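Written below as structure tokens is the structure these notes are about.
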Amino acid sequence: MEYDIIIVGAGPAGLATGLNLAQSAPDLAQRTLILEREHHPRSKLCAGGVLPGAEACLRKLGLDISAVPSVPVREMHLRFDGRSAVLRREPACFRVVRREQFDAWLADTARERGLAIQEGTRVLEVCPPHTPGHKAGGDGPDGLVTVRTDRGAYRTRAVVGADGAQSTVRRAVVSTQARQVARLLEVRLPVAAEARNGGDGRAIFDFSWIPDGVQGYLWDFPSQGGGRAERTWGVYDSRTYRRVPTASLKPVLQGALARAGESLDQHKLEGHSLRWFRRRGTFAAPHILLAGDAAGTDSLVGEGISFALGYGEVAAAELRDAFAEREFSFGGYRRRIMAHQIGRSLSRRAVGAALLYGLRNRRLLWLLWPLIGWAADHFFFGRDWCAE
Ligand SMILES: Cc1cc2nc3c(=O)[nH]c(=O)nc-3n(C[C@H](O)[C@H](O)[C@H](O)COP(=O)(O)OP(=O)(O)OC[C@H]3O[C@@H](n4cnc5c(N)ncnc54)[C@H](O)[C@@H]3O)c2cc1C
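Residue 134 in the working numbering sits at position 150 of the sequence shown, with consecutive numbering throughout.
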């Protein structure tokens, strides 16, 4: 089967690429197929924080997040060793969604707008034209990419790898996997813990373990599941500095839960990785683009939903121009990313991560915390694209 474009992954990056194509290049969207290994609504390990940058991307697509159940966070408490900087915004600093609901809503919208999504199809390998020993793909100037799946092979002019942090498509783009990978652990708790933490509307980001080697923070977000209040707890470790010995994350979560009167043993602990953005990273190869986590996202706080939606805008624009010019090297894709708000914001956040996680002196961090809180407020709600 042949398509002009195959998008691998129906998460926010893949669906946003499809939705942006449907909006700006409807003919191309008609000849696009989205392949997804799961079936929506599928679970995705994520705290579900949707920041204003994501809402801005959705609005450009004529979508309103209020279509999905969410919990507003009005206060962000940034903590270090008992010091707290509080960021407040009305009606919300950000909203917390359940990813299975949010992603299923995006997928339903994509289908309503004419996009074809084939679920239950796992992509096994992507073979660009001219792959040595590769017989199925065209090898001439009009060469097509072969996408091998567990349900047969597809041929296409362009592939978008939007298949997350452990991307299969990425293997066809970079030979050695870069090690810019963060680690995350997450657990969901029922409402009892929420009551102990002061109720809805408050999200906690506790950076107290930076001097112990956790290059990130412990979070405690309000959430909901099936209409019932919950809280999500987790630890994010960016691993910005790889030479710093790897800290064990489970005891951090265990200790924090114990202080809240909870036992980790009674809840399901899950872990996942997150690939972060490098300015000099690889984002494309001839006929193949990467988007979302597959390309690289925020190393400072591990925010990825808004950037995935932003990558969707950039990838769709790149595809539209490539088909107009019949030129599929995608040599300008990096430039396009860097010219977009996501490239500028991801670069600033990489600098922020290097500065913050490079400070490992407990006393100094404690003294600087009010200043760091002020900078975070200015950054997230001022300069960063979340504010746009
Ligand atoms: C514990 C945790 C907490 C997080 N919390 C937040 C948060 O609060 N806010 C925030 O903004 N970000 C958060 N993130 C990051 C966020 O989840 C990701 O950045 C975001 O999901 C990236 O979207 P994506 O579309 O690139 O990838 P994904 O959402 O991972 O989607 C990829 C899709 O591709 C499919 N797929 C994968 N492989 C294949 C294959 N071989 N064939 C076919 N389909 C395939 C998957 O099933 C999936 O549907 C968190 C991440 C983790 C791990």
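Just so it is clear, CB atoms sit at the ideal spot from N, CA and C, and this is done for glycine as well. All values reported here derive from a predicted model rather than from experimental measurement.
Presumed contact (8 Å Cβ cut-off) between residue i and residue j, rounded CB distance
i      : j       : result
VAL153 : VAL52   : Not quite, the Cβ-Cβ distance comes to about 27 Å (not below 8 Å), so this is no contact.
ASP224 : ALA338  : Sequence inspection shows Thr at residue 224; the Asp mentioned does not correspond to that position. Confirmed, about 6 Å.
VAL198 : LEU169  : Not confirmed; about 11 Å, so no contact.
GLY148 : ALA38   : No, GLY148 and ALA38 are not in contact; Cβ-Cβ is about 17 Å, not under 8 Å.
ALA91  : LEU(-1) : 6 Å
VAL298 : ARG319  : Rounded, the Cβ-Cβ distance is 10 Å, inconsistent with contact.
Residue i CB to nearest heavy atom of ligand 1 below 7 Å
i       : result
THR152  : yes
THR105  : yes
GLU214  : no
VAL(-8) : yes
GLU22   : yes
LYS28   : yes
ALA146  : yes
PRO10   : no
ILE289  : yes
ASP204  : no
ALA94   : no
GLY276  : yes
ALA292  : yes
ALA31   : yes
ALA51   : no
GLY327  : no
GLU170  : yes
ALA40   : no
GLY286  : yes
HIS324  : no
For residue j and residue i, the rounded distance between their alpha carbons
i      : j        : result
LEU274 : ALA268   : 6 Å
ASP204 : ALA31    : 9 Å
GLY122 : GLY104   : Interpretation of GLY122 is limited by its pLDDT of 43, a score under 50 that renders its predicted location unreliable; the figure taken from the coordinates is listed afterwards. Each residue's Cα considered, the two are about 27 Å apart.
ALA156 : VAL110   : 6 Å
LEU330 : ASP134   : 34 Å
GLU178 : GLU309   : Caution applies to GLU178, whose pLDDT of 46 falls short of 50 and renders its modelled position unreliable; the value that the coordinates give is listed next. Answer to the nearest angstrom: the Cα atoms are 55 Å apart.
TRP260 : LEU202   : 18 Å
PRO36  : HIS114   : 43 Å
PHE291 : ALA146   : 12 Å
ILE356 : ARG73    : 18 Å
PHE189 : VAL57    : 12 Å
VAL49  : LEU349   : Residue identity differs from the one stated: residue 49 is Ile in this sequence, not Val. When rounded, the distance between both Cα atoms is 36 Å.
LEU173 : ASP221   : 21 Å
THR130 : ILE(-10) : 10 Å
GLY98  : PRO206   : 35 Å
ASN4   : GLY296   : 7 Å
Residue i beta carbon near ligand 2 (any heavy atom closer than 7 Å)
i      : result
THR281 : No copy of ligand 2 appears in this structure; the ligands present are ligand 1.
Query raised in the report: Which runs of the beta strand (DSSP E) spanning at least 3 residues fall entirely within the stretch 50 to 81, listed in chain order?
Result: The qualifying runs are 54 to 57, 59 to 64, 67 to 72 and 78 to 81.
Query raised in the report: Which residue spans inside the stretch 90 to 154 form an unbroken beta strand (DSSP E) run of at least 3?
Result: Taking only runs of at least 3 residues, the beta strand (DSSP E) segments lying wholly in the stretch 90 to 154 are 100 to 102, 107 to 111, 129 to 133 and 136 to 145.
Query - Inside the stretch 250 to 333 only - beta strand (DSSP E) runs reaching at least 3 residues - result: The stretch 250 to 333 is shown to contain whole beta strand (DSSP E) runs of 3 or more residues at 254 to 259 and 272 to 274, in chain order.
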